[in-house]
Amino acid sequence: MVIVVVIVVIGLGVYFGLVYHPPKKVKTIYFYTWWATEGKIAVDKEYAAFHNAYPQYAVKSELKPGAGGTEAIYAILADIKAGHPPDAFQAHFGPQLISYIEDAPNGAKDFVNMTPIAQKMGLFSNAVTQVLMAGTYNGTMFSLPVDVHRGAMLYFNPQVLIKYGLPLPNNLTTLIHDSEVLHSKGVSAWAVPGDDGGWDEFNLWEDIFLSVTGNGTLYDEAMYGVLNLSNPTILNYVNEASKIFQQFTSYGYSGESSQTWTQAIPKVIDGQAVF
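Residue numbers (my numbering): 1281 to 1555.
Pasting the structure below:
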């Protein structure tokens, strides 16, 4: 799964929103973001670069902590529906952006058209076209990607697997087997932190679903909210994925429900949990 973080770029005196402010009156641009830990370093550099290019403006964070934007998403949607959206905000490039546009009082008219900017930057000739199109609305870009990074990654401690003579998991069947053996030996097989607003659980479930179905199309349909849940076959996939998800999460360590991903990763590194 590819996740592209996007920022709505502010033009001279024009910004995302329902109200236009003349340049002389706009002094501070408020940017909704969830980057509160490691990502804060990156976003602070974004602010500095913007201010260097447009010194008449200042950019300040409207911080909504929560892994993957689990808190920020709802705050942004609420402001959009109320008719006073953020000046700019961070989002995941793809189906998530459609939600913002469809909830806006005037739909796409409430957003800045970024397509000409993307063309001028050479984005369409230097990036993967299919990825760019996944973040458009009826062929128009209302945001620009600033970063591409991997999602759907499984972190694990190979030393613990070696200790118990278990194979490295390269498929779901092996992952289930390893988890069951570790659990039977009293080892915490999983670290699925529960204090990230559901972000970690969501990623785990959707990856299990992708493996169970073996079908990227069904995975995409789930992401875009058009999965046919009245289809018995699909319901069987959902139930199977949920059963495996519950199995994995039951193999966690005590206290994980109150921890974030930054607190859980050291547990894997130290061997207190394996996956």
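Beta carbons: idealized from backbone N, C-alpha and C, even for Gly. Just so it is clear, the structure is predicted and the values come from calculations on it, not from any experiment.
| message | Tell me which residue opens and which closes the beta strand (DSSP E) that residue 1340 is part of. | response | Annotation for residue 1340: the continuous beta strand (DSSP E) segment containing it runs 1338-1343.
| Which residue from 1404, 1369, 1363 puts its Cα closest to that of residue 1386? | Between residue 1386 and the set 1404, 1369, 1363, the nearest pair of CA atoms involves 1363.
| Based on the DSSP secondary-structure assignment, which residues constitute the bridge partners of residue 1512? | According to DSSP, residue 1512 bridges with nothing at all.
| request: Output yes or no for whether 8 Å exceeds the beta carbon distance between residue 1344 and residue 1355. | output: In this structure, residue 1344 places its C-beta atom within 8 Å of the C-beta atom of residue 1355.
| field | Exposure label - residue 1483; buried when at least 16 CB within 10 Å | value | Taking every protein chain shown into account, the CB of residue 1483 has 16 or more other CB atoms within 10 angstroms, so this residue is buried.
| request: Can you tell me the Cβ-Cβ gap for residue 1555 and residue 1436, rounded? I've got them flagged as a contact below 8 Å. | output: By a beta-carbon distance limit of 8 Å, residue 1555 contacts residue 1436. Their separation comes to about 5 Å.
| message | If I measure Cβ to Cβ from residue 1492 and keep anything under 8 Å in the same chain, skipping five residues before and after, which residues do I get? | response | Cβ neighbours of residue 1492 beyond the five flanking positions: 1452, 1517, 1520, 1521, 1524.
| said: Count Cβ pairs between the region 1471-1490 and the region 1534-1542 that sit closer than 8 Å; are there 3 or more? | reply: Contact annotation: the region 1471-1490 touches the region 1534-1542, with at least three C-beta pairs closer than 8 Å.
| query | Going by C-alpha distance, which of 1502, 1348, 1337 is nearest residue 1316? | reply | Of the candidates 1502, 1348, 1337, the one whose C-alpha sits nearest the C-alpha of residue 1316 is 1348.
| Residue interval of the alpha helix (DSSP H) (run including residue 1480) | Run containing residue 1480: 1479-1493, per the alpha helix (DSSP H) assignment.
| query | What is the residue span of the beta strand (DSSP E) that residue 1427 lies within? | reply | That run of the beta strand (DSSP E) goes 1424-1430.
| task | Please report the residue range of the beta strand (DSSP E) in which residue 1372 lies. | result | Its beta strand (DSSP E) spans residues 1368-1373.
| field | Rounded straight-line distance, which links the Cα of residue 1442 to that of residue 1406 | value | Between residue 1406 and residue 1442, the C-alpha separation is close to 43 Å.
| query | Since residue 1351 contacts residue 1310 with CB under 8 Å, what's their CB separation in whole angstroms? | reply | The pair is not a contact, with the Cβ atoms about 16 Å apart (cut-off 8 Å).
| task | Could you tell me how far apart the beta carbons of residue 1413 and residue 1398 are, in whole angstroms, since I believe they sit closer than 8 Å? | result | Not quite, the Cβ-Cβ distance comes to about 11 Å (not below 8 Å), so this is no contact.
| query | Which word fits residue 1307, buried or exposed, when buried means at least 16 other C-beta atoms lie within 10 angstroms of its C-beta? | reply | The Cβ neighbour count for residue 1307, taken over all protein chains shown within 10 Å, is under 16; the residue is labelled exposed.
| Should the region 1527-1535 be regarded as contacting the region 1445-1462, the criterion being three or more beta carbon pairs within less than 8 Å? | Enough Cβ pairs lie closer than 8 Å, so yes.
| Alpha carbon to alpha carbon, how far is residue 1509 from residue 1334? | When rounded, the distance between both Cα atoms is 49 Å.
| task | Sort 1410, 1461, 1477, 1379 by Cα distance to residue 1538 and report the nearest one. | result | Comparing alpha-carbon positions, the option among 1410, 1461, 1477, 1379 lying closest to residue 1538 turns out to be 1477.
| field | Rounded straight-line distance, which links the Cα of residue 1366 to that of residue 1359 | value | Residue 1359 and residue 1366 have their C-alpha atoms roughly 7 Å apart.
| request: Report the three-state DSSP secondary structure of residue 1415 (helix, strand or coil). | output: If DSSP states are grouped into helix, strand and coil, residue 1415 belongs with coil.
| request: Identify the continuous beta strand (DSSP E) that holds residue 1317 and give its terminal residues. | output: Note, residue 1317: premise wrong, no beta strand (DSSP E); not H, not E.
| field | Expected contact under 8 Å - CB spacing of residue 1461 and residue 1446 to nearest Å | value | Confirmed, about 6 Å.
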